[in-house]
Amino acid sequence: MAVVHQSCVGYGAEPFASLVADYPGDDVYPSADFRTEWGPVFHRGRLDGSARVLVLGQDPATHEAISRRILVGEAGQRVQGLLAKIGVHTAYAMVNVYLYSVFGQAAGSRHAKDAAIAAYRHRWLDALLVGTDVTAVVALGDLAATAYAAWARTQPATAGSLHLAAIRHPTYAEGFARASGKPLAETTASQLANWNDHLGDLAAHVTPEGPTDLTPYAATWGPTDLAPIPEVDLPPGAPAWWRDVDAWATRTGDDKQTKRATISVVVPKGARTWPAL
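Letter 24 of the sequence shown, counting from 1, is numbered 112 in my numbering, and no numbers are missing.
Pasting the structure below:
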């Protein structure tokens with residue numbers, strides 16, 4: 089019996105058709121600070137009004153540049169696991185603070201209050217939050233919290249009806265360990281404690297699709313804390329290994345410019361189903 093695959097239906101309906109038709113480019117996102125050459129990556133999840141949670145991320149990375157959907161790498165797998173805990177498996181929509189990948193860590197902070205970047209982002213947030221069934225927003229990290237606060241000032245009535253869970257970014261532990269020199273085990277425990285602080289309130293403000301599991305996170309990531317990306321979230325024909333927890337895309341090169349221009353994609357060993365020669 090043939091397998092019937094699911095896939096993201098894309099951006100055919102308004103207002104999303106117009107949003108992807110007139111997205112900003114280098115005039116708004118300077119190429120010195122953003123990898124505009126890889127193109128914009130708009131969203132992941134439901135655009136049909138069925139979303140109950142909005143996730144606001146930061147910027148697309150290597151996996152996202154290839155798959156053309158946001159939050160599909162390890163950060164996305166961690167967020168997917170968080171949503172599963174509150175019983176949300178597909179009823180979400182996700183957008184980023186930035187359409188393009190940030191080039192250099194400081195670039196994101198430099199543009200946190202750019203009016204032109206915010207104006208386009210607000211159109212997406214209006215479409216996904218004003219008059220919809222979304223009841224909670226998960227903001228991943230400081231940039232997302234700042235971006236959401238800027239939008240909330242433009243739509244105070246809608247924002248006042250939404251629960252905000254401003255949590256640490258899903259890769260906070262690794263980034264802060266590198267920046268501070270603290271042990272990764274310590275920063276991971278701190279991140280997961282922060283997620284635990286928000287878990288109960290988030291669940292209380294979202295109608296689940298299915299069973300919930302509000303067991304708190306431990307001090308380190310457990311085997312069920314990461315979840316694969318649903319097939320329905322990705323474009324038609326996307327290979328299954330794009331949705332797995334194994335890393336498959338990395339920036340490679342001997343210098344910054346080559347590394348910026350090159351993403352190496354390697355099929356994970358577990359997905360190599362062809363016969364050995």
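The beta-carbon is built from N, C-alpha and C at its ideal position, and this holds for glycine as well.
Query: Sequence-distant residues of the same chain with beta carbon closer than 6 Å to G169, five excluded per side; Result: D313, L314 and A315
Query: Beta-carbon separation (whole angstroms), T259 vs E162, contact threshold 8 Å; Result: 7 Å
Query: Span of the alpha helix (DSSP H) around G248; Result: P244 to G248
Query: Cα-Cα separation between L142 and K344, rounded to whole angstroms; Result: 34 Å
Query: R360 at chain D interface by Cβ criterion, 8 Å; Result: Of the chains in the structure shown, none is chain D; there is only one protein chain.
Query: C-beta atoms of D115 and R198 nearer than 8 Å; Result: no
Query: Coil, strand or helix - S352 by DSSP; Result: strand
Query: Residues sharing a beta bridge with F104, DSSP; Result: DSSP, once it has assigned bridges, lists no residue as partnering F104.
Query: Limits of the unbroken alpha helix (DSSP H) element including G196; Result: Q193 to R198
Query: First and last residue of the uninterrupted beta strand (DSSP E) at T340; Result: Premise fails: T340 is in no beta strand (DSSP E) and is neither H nor E.
Query: Burial state of L365 (16 or more Cβ within 10 Å); Result: exposed
Query: A200 to Y236 span [Cα, whole Å]; Result: 11 Å
Query: Limits of the unbroken beta strand (DSSP E) element including L142; Result: V141 to G145
Query: Proximal residues to R134 (C-beta, below 6 Å), its chain only, five neighbours per side dropped; Result: A181
Query: C-beta contact flag for A232 and L290 at 8 Å; Result: no
Query: Contact set for T234: own chain, Cβ-Cβ below 7 Å, skip 5 residues either direction; Result: A200
Query: Contact set for R123: own chain, Cβ-Cβ below 7 Å, skip 5 residues either direction; Result: Y188, S189, F191 and R348
Query: 8 Å Cβ cutoff met for A139 and T246; Result: no
Query: Expected contact under 8 Å - CB spacing of A254 and A227 to nearest Å; Result: 4 Å
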